[in-house]
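The next block holds one structure in the form of structure tokens; read it before the comments.
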Amino acid sequence: MTAYTQQLDQKIQYLQQLFQGLDFPEIQVFESPEQHYRMRAEFRIWHEGGEMFYAMFERGQKASGASLIRCDQFPAASESINALMPKLIEAAAQNPELKNRWYAVEFLSALSGEMLVTMIYHKKLGEAWQCAAETLARELGIHVIGRSRGQKIVLTQDYITEELNVNGKTFRYRQVEGSFTQPNARVCEKMLGWACDVAQNLSGDLLELYCGNGNFTLPLSQHFRQVLATEVSKTSVYAAQWNIEVNQRDNIKIARLSAEEFTEAYTQSREFRRLQEQGISLKDYGFSTIFVDPPRAGVDDETLKLISQFDNIIYISCNPETLRANLDTLCQTHTVERAALFDQFPFTHHIESGVYLKKK
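When we follow UniProt numbering, the leftmost residue of the sequence shown carries the number 1, and every step to the right adds one.
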């Protein structure tokens, strides 16, 4: 048994034990590539004895020499990140403007190899740095952002464009620096495919909470008459609107509301001018299905009451423990028809899972 298979089996066993006591179907398992699966990575830049290199630190340890791990390469990261790492550090080392007080770096890559690099400094960035960074970006064929306290300098753009294949169809996504995106693109494609397989026999309108940049929204919209998706982050909403337009999905509307705010709007306990300004009337929708991909804390109690009213629930979770807690409530009104494990984060304790629930 390989190390990868062993860690995956442990996750499967953990989920099986966690969901004991529920009427639960067999868990579909979606594996990850064993290497080069992360499309983003972050490192400290360590300066020591005239040398400069990438570094990480032991989990739970303060940044110090004792806990430092040198990272000339990072096998978990995409091949394009690994190919760029030595080129970037070598080029920066040769230019004092780029090297001095360089503190950290963030890589964001696409499957195509497109790359956005954020260089973070402990100094004010001026015209000399910008000139050096522009030369660096041209020579390496990358997009560069410079950051320091109170500063963000975008040389060309602050995003990349990712293309994901979902059941034979390609979707384009704008992924903005600093905003949430799924880090494992190949497993993300499998997650989107699973969700679409669940949705293909459903109908009516779809409500989505926590939609982010429209990652699930776009492919799921193929299977419903209309989609209303909610997201509170302005950056993610703008990205989602661009994604909707470029993918020509004209049956989607985005409401800039949190899940809690939407619950208030849906139950008519509070009016939101934002919905009126966006031309959204909840009376125009006949929701049959709700899709949720909440943060690690899971779904709050009031939103959980809202979710339980829907005939069909598709729930993606990044925290199995809060999923189990939510299922204890949802299984009073629904049955779990399908379940899946997506190995988004190999060789870590993190587990991404999904369930489809149908009203009893």
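The C-beta atom is built at its ideal place from N, Cα and C for all residues, glycine as well.
| Asked | Found |
| --- | --- |
| Beta-carbon proximity check, Leu-209 vs Phe-224, cutoff 7 Å | no |
| Whether Ala-255 touches Thr-230 by CB criterion (7 Å) | yes |
| Under the three-state DSSP convention, the category Asn-165 falls into | strand |
| Neighbour-count burial assignment, Asn-167, 16 or more Cβ in a 10 Å radius | exposed |
| C-beta atoms of Phe-310 and Ile-290 nearer than 7 Å | yes |
| Any 3 or more C-beta pairs closer than 8 Å across the segment 6-23 and the segment 321-328 | yes |
| Nearest-angstrom Cβ-Cβ length linking Met-39 and Ser-109, presumed shorter than 8 Å | 5 Å |
| Identified DSSP bridge partners for Ile-314 | Phe-291, Tyr-356 |
| Under the three-state DSSP convention, the category Gln-28 falls into | strand |
| Contact the segment 67-77 vs the segment 90-99: 3+ CB pairs below 8 Å | no |
| Buried or exposed by the 16-neighbour rule on C-beta atoms within 10 Å, applied to Asp-9 | exposed |
| Per DSSP, cross-strand counterpart(s) of Asn-184 | Arg-38 |
| Extent of the continuous beta strand (DSSP E) run through Val-154 | 151-154 |
| Collapsed DSSP secondary structure at Val-232 in the structure displayed | coil |
| Where the beta strand (DSSP E) containing Ala-55 begins and where it ends | 51-57 |
| Neighbourhood of Gly-286 by C-beta, 7 Å cutoff - its chain only, sequence neighbours within 5 removed | Gly-204, Asp-205 |
| Which of helix, strand or coil DSSP assigns to Thr-2 | coil |
| Local Cβ density within 10 Å of Ala-133, reported as buried at 16 or more and exposed below that | buried |
| Cβ-Cβ distance between Leu-111 and His-143 below 7 Å | no |
| Own chain residues within Cβ distance below 7 Å of Glu-264, not counting five before or after | Arg-270 |
| Identity of the residue in Leu-275, Asp-197, Val-176 nearest Asn-243 by Cα | Val-176 |
| Cβ-Cβ distance between Asn-213 and Ala-240 below 7 Å | yes |
| Assigned secondary structure, Lys-283 (DSSP; H/G/I helix, E/B strand, else coil) | helix |
| Distance between Gln-268 and Tyr-37 (C-alpha atoms, nearest Å) | 44 Å |
| Anticipated Cβ contact below 8 Å, Arg-174 with Ala-104, distance rounded | The Cβ separation is near 24 Å, so there is no contact. |
| Integer-rounded CB distance, given that Ile-314 should sit under 8 Å from Val-198 | 6 Å |
| Three-way DSSP call (helix, strand, coil) for His-223 in this model | helix |
| Stretch-stretch touch, CB-based, cutoff 8 Å, three pairs: the segment 290-302 with the segment 333-340 | no |
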